[in-house]
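First residue of the sequence shown: 801, per the working numbering; consecutive thereafter. Heads up: the structure comes next, in structure tokens.
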Amino acid sequence: MPPKFRKSAEYARVPAHAETEVVDAYAEILDSTGNQDLVLRDIPTLLRTLQIPSCFTRDVSQCIEWFYATQQAKLARKSANWAVAEQLLRHLTISVTINGVLDVSDVVDLDKLVKFCNRLIKFRDNYLQIASNWALFVEASGIKIDKTKMAEYNLALSDLVKVKNSLQLDDISDSILIDMLGCGRSNVDGELFNYKLSSGALEVGIKDFAEVLGLLGHYDE
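In structure tokens, the structure reads:
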């Protein structure tokens, strides 16, 4: 039986410098707005303050925009997008579940924010490595690419199989590639990680790829 794709336990650890960066950015926004609490709509600004590349934050910003545009509509909670937005709320805010229903609040929980931003800071700090390896994967899939739009490409399982064959990665089984696809959509705890809306396809983008590298231990200190 082929080996399973194993996740790095070290990847989820929050280094002291990352926590300091997030707390400082949090305080800076509170000072600039004069508010007592950071709310969900402040997150895109905070991520820009942390200088996270937009290819790793676009899904978050779009999910937040959808949440504020539809939160008053009763039908919103019945849509596929709500399941994604709910995960984002759970991962970032003080929202709690009462009698099986999420009591929604857009107030950000600082401890959750630190954990949430930790992986994005690792993506930022390792961006050149991520972008270089992602370009190699996309090119090896046989897709005709525009290098100025490298971060916009997505690879399906069939593309990853082509990558494996092209790069002669014979020691990687197809089942491991499937594991990689699954790990790209969830965090170390098995919860949703990519907040891209209306995404039913099993595919890997540059953010998912960055997550896989982290899970493989490429950012371990």
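For glycine and all other residues, C-beta sits at the position ideal for the given N, C-alpha and C.
Per DSSP, reduced to three states, the secondary structure at Glu-1003 is strand. For Asp-903, the uninterrupted beta strand (DSSP E) run begins and ends at 901-903, by DSSP. Collapsing the DSSP output to three states places Ile-829 in a helix.
Residues of the same chain with their beta carbon placed closer than 6 Å to that of Gly-834 are lacking, with the five preceding and five following residues left out of the count. Annotation for Ile-921: the continuous alpha helix (DSSP H) segment containing it runs 910-925.
Between the alpha carbons of Ser-998 and His-1018 lies a gap of roughly 30 Å. Of all alpha-carbon atoms in Glu-828, Leu-889, Leu-850 and Asp-903, the one lying nearest the alpha-carbon of Phe-993 is that of Leu-889.
Under the Cβ criterion (8 Å, minimum of three pairs), the segment 813-826 counts as touching the segment 840-860. A check of alpha carbon separations from Lys-912 across Asn-926, Tyr-953, Val-896 and Ala-956 identifies Val-896 as the nearest. Judged by their CB atoms, Asp-1020 and Glu-865 are not nearer to each other than the 7 Å cut-off.
Within the same chain, Asp-837, Val-839, Thr-893 and Ile-894 come within 7 Å of Val-907 by CB-CB distance, once the 5 residues on both sides are set aside. Judged by DSSP in its simplified three-state form, Ile-864 adopts helix. Ser-941 and Leu-955 do touch by the CB rule: their CB atoms are close to 6 Å apart, below 8 Å. Minimum Cα-Cα distance from Trp-882 among the listed residues Ile-1006, Gly-1005 and Tyr-995 corresponds to Tyr-995.
Closest in alpha carbon position to Ile-921, among Pro-815, Ala-869 and Ser-808, is Pro-815. Rounded to whole angstroms, the gap between the alpha carbons of Lys-915 and Thr-948 is 31 Å.
If you draw a straight line from the Cα of Phe-923 to the Cα of Asp-859, it comes to about 15 Å.
Going by beta carbons, Lys-964 and Phe-856 fall outside the 7 Å limit. With contacts defined as CB atoms closer than 7 Å, Cys-917 and Val-884 fail to qualify as a contacting pair. Taking 7 Å as the cut-off, the beta carbon of Trp-934 is found no closer than this to the beta carbon of Phe-867. With at least 16 other beta carbons inside 10 angstroms of its own, Val-1004 counts as buried.
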